[in-house]
Amino acid sequence: MGRHEVGHIDNSMKIPLNNGAGCRFEGQFSINKVPGNFHVSTHSATAQPQNPDMTHIIHKLSFGDTLQVQNVHGAFNALGGADRLTSNPLASHDYILKIVPTVYEDKNGKQRYSYQYTVANKEYVAYSHTGRIIPAIWFRYDLSPITVKYTERRQPLYRFITTICAIIGGTFTVAGILDSCIFTASEAWKKIQLGKIH
Numbered sequence: 000m001g002r003h004e005v006g007h008i009d010n011s012m013k014i015p016l017n018n019g020a021g022c023r024f025e026g027q028f029s030i031n032k033v034p035g036n037f038h039v040s041t042h043s044a045t046a047q048p049q050n051p052d053m054t055h056i057i058h059k060l061s062f063g064d065t066l067q068v069q070n071v072h073g074a075f076n077a078l079g080g081a082d083r084l085t086s087n088p089l090a091s092h093d094y095i096l097k098i099v100p101t102v103y104e105d106k107n108g109k110q111r112y113s114y115q116y117t118v119a120n121k122e123y124v125a126y127s128h129t130g131r132i133i134p135a136i137w138f139r140y141d142l143s144p145i146t147v148k149y150t151e152r153r154q155p156l157y158r159f160i161t162t163i164c165a166i167i168g169g170t171f172t173v174a175g176i177l178d179s180c181i182f183t184a185s186e187a188w189k190k191i192q193l194g195k196i197h
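Numbering-wise (numbering that gives the first Met the number 0), the sequence shown opens with residue 0 and increments by one.
Here it is, written out as structure tokens:
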């Protein structure tokens, strides 16, 4: 990734490849709230590798702070676990991300901000102007103008009372049905014993 693509890199480190076994990217960087992209490629390398291999696994890709909230199920890491190890090593991968700002407000009114995203992807072979294959992994993003807000609320007392009444009423109804069935069966049994029913 070049500095010109992402605006500002908070931390970056170049580590030599481990006998062709690949590498691991890990980092954080700031982006502006406008459409853009970041990518992994060899186009700025002084010497292009003979057989570049862009197969990969994405363990985690998230935007903003991570929400550690139990009942919020969103797409905060939609690409987590994406496995492209069996794809064509020379193929480029294009991930199109739609980022949705998300606000979580707890019972005390404290707000936390994060981002969810949806993803679409495609795989293709890209050629340079010299006819050489130059694979890359692209992440193109756009921010949604709509914000999703989760608000945590305490259930009101009347809802608790209504639930208790429903449980008690249901219990009485089932008990009444069972009593009616038992009474009808016992009356029929008495009539059979007296010989009134053949």
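Beta carbons: idealized from backbone N, C-alpha and C, even for Gly.
Predicted, not measured: the structure shown is a model, and the values here were computed from it.
- For the pair Asn76 and Lys59, the CB atoms are nearer than the 8 Å cut-off.
- In the DSSP assignment, Arg158 falls within the unbroken alpha helix (DSSP H) covering 156-193.
- If you check the CB distance, Tyr94 and Leu78 come in under 8 Å.
- DSSP assignment within the segment 31-62 yields the following whole beta strand (DSSP E) runs of 3 residues or more, N-terminal first: 35-40.
- Residue burial is scored here from C-beta neighbours: Ser43 has fewer than 16 other C-beta atoms within 10 angstroms and is therefore classed as exposed.
- Cα atoms of Ser127 and Thr65: separation of roughly 38 Å, rounded to the nearest angstrom.
- The alpha carbon of Phe24 has as its nearest neighbour, out of His55, Ala81, Pro48, Gln154, the alpha carbon of His55.
- Contact between Val99 and Gln115 holds, with the beta-carbon distance rounding to 5 Å and staying under 8 Å.
- Under DSSP, Leu96 shares a beta bridge with Val118, Tyr140.
- When the Cα atoms are used, Ala81 and Arg111 turn out to be separated by approximately 27 Å.
- Judged by their CB atoms, Leu96 and Arg139 are nearer to each other than the 8 Å cut-off.
- Remark: C-beta atoms of Ile133 and Ser40 approach each other more closely than 8 Å.
- Counting along the chain, Val147 sits inside the beta strand (DSSP E) bounded by residues 147-150.
- For Ser127, the secondary structure class from DSSP, reduced to helix, strand or coil, is coil.
- Cβ neighbours of Ser86 within its own chain (closer than 7 Å, five residues either side excluded): Thr54, Glu122.
- Here the alpha carbons of Gly26 and Ile136 stand approximately 16 Å from one another.
- Using a 10 angstroms sphere on the CB of Phe62, the tally of other CB atoms reaches 16 or more, which defines it as buried.
- If you draw a straight line from the Cα of Lys32 to the Cα of Gln67, it comes to about 23 Å.
- One thing to note: Arg152 has its Cβ within 8 Å of the Cβ of Lys106.
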